[in-house]
Amino acid sequence: EVEVRVDGRRLELGPARQRCVLAALACEAPHRVTVDQLLDRVWGERPPQRARETLYSYLSRLRRALQPAATATATGTDRGAGITRRDGGYELTLDPSAVDLHRFRSLGAEARTAAQTGREDEAARLFEEALALWRGEMCPGMDSAWFTTQRETARLERIAAVLDLNDVQLRRGRHAELLSTL
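Following my numbering from start to finish, the sequence shown increments by one per residue and tops out at 193.
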């Protein structure tokens, strides 16, 4: 599920489609997403009659909802977030490591580098940390073709990380521990 936490508190992000807008921005953070891309990602081939107006309303509400995150950034208590308008689009301005998907990918890359350089214990720890970020299917209920593709890509990346972790554990001689996982 799409959620934002500031100082351990979960922010109220509004209805499902509004959270879908935030998820589309978060998947691309910190890069700009055009209005047309957002419309396609959120509604696919079935946009409502006033899709642009609805999108702008969602963005406005999300900006207000994320205000505690922006304030936390200013005070240095958390990695905050805000939505900024840029050249015909919007971007979610935040540290990409604050988004589980980006953090997962970063940790996986670090783990693979550690494994390639013979640092098996570090690689195992990093893979385990990356996999611990998974709490279920990515963006469930978001049904556009773009989200379906993102979900499938993330699922395959997770499977690859599990397989890579298993390889590392085998090289570390952890055969017996792997039996229950496999």
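By construction, the Cβ of each residue, glycine as well, lies at the ideal position given by its N, Cα and C atoms.
Close Cβ partners of residue i (< 8 Å) along its chain, the five nearest in sequence each way excluded
| i | result |
| --- | --- |
| residue 102 | 36, 39, 40, 41, 42, 43, 44, 94, 95 |
| residue 177 | 189, 192, 193 |
| residue 97 | 43 |
| residue 72 | 25, 29 |
| residue 52 | 31, 35, 44, 155, 157, 158 |
Buried or exposed by the 16-neighbour rule on C-beta atoms within 10 Å, applied to residue i
| i | result |
| --- | --- |
| residue 66 | buried |
| residue 119 | buried |
| residue 50 | buried |
| residue 167 | exposed |
| residue 144 | exposed |
| residue 86 | Per-residue confidence for residue 86 stands at a pLDDT of 47, beneath the threshold of 50, marking its modelled position as unreliable; no derived number is given. |
| residue 27 | exposed |
Alpha carbon of residue i to alpha carbon of residue j, nearest angstrom
| i | j | result |
| --- | --- | --- |
| residue 149 | residue 162 | 6 Å |
| residue 63 | residue 182 | 53 Å |
| residue 164 | residue 184 | 30 Å |
| residue 251 | residue 142 | Summary: the structure shown does not reach residue 251, with the chain confined to residues 12 through 193, and so no result is reported for it. |
| residue 109 | residue 76 | 17 Å |
| residue 92 | residue 15 | 9 Å |
Test: residue i CB closer than 8 Å to a CB of chain D
| i | result |
| --- | --- |
| residue 100 | Checking the listed chains, one finds no chain D in this structure; it contains a single protein chain. |
Neighbourhood of residue i by C-beta distance below 7 Å, restricted to the same chain and skipping five residues each side
| i | result |
| --- | --- |
| residue 134 | 122, 125, 126, 179 |
| residue 13 | 24, 30, 33, 34, 150 |
| residue 20 | none |
| residue 70 | 32, 94, 101 |
Nonlocal neighbours in the same chain, by C-beta distance under 6 Å from residue i, ignoring five residues either side
| i | result |
| --- | --- |
| residue 74 | 94 |
| residue 61 | none |
Write down every uninterrupted run of the alpha helix (DSSP H) in the stretch 99-169 whose length is 4 residues or greater and which is fully enclosed by it, in chain order. 111-127, 131-142
Report yes or no: do the stretch 172-187 and the stretch 123-143 share at least 3 C-beta pairs separated by less than 8 Å? yes
Check whether the stretch 55-71 and the stretch 153-161 are in contact - that is, three or more C-beta pairs closer than 8 Å. yes
Contained beta strand (DSSP E) runs [length at least 3] in the stretch 30-95, N- to C-terminal order: none
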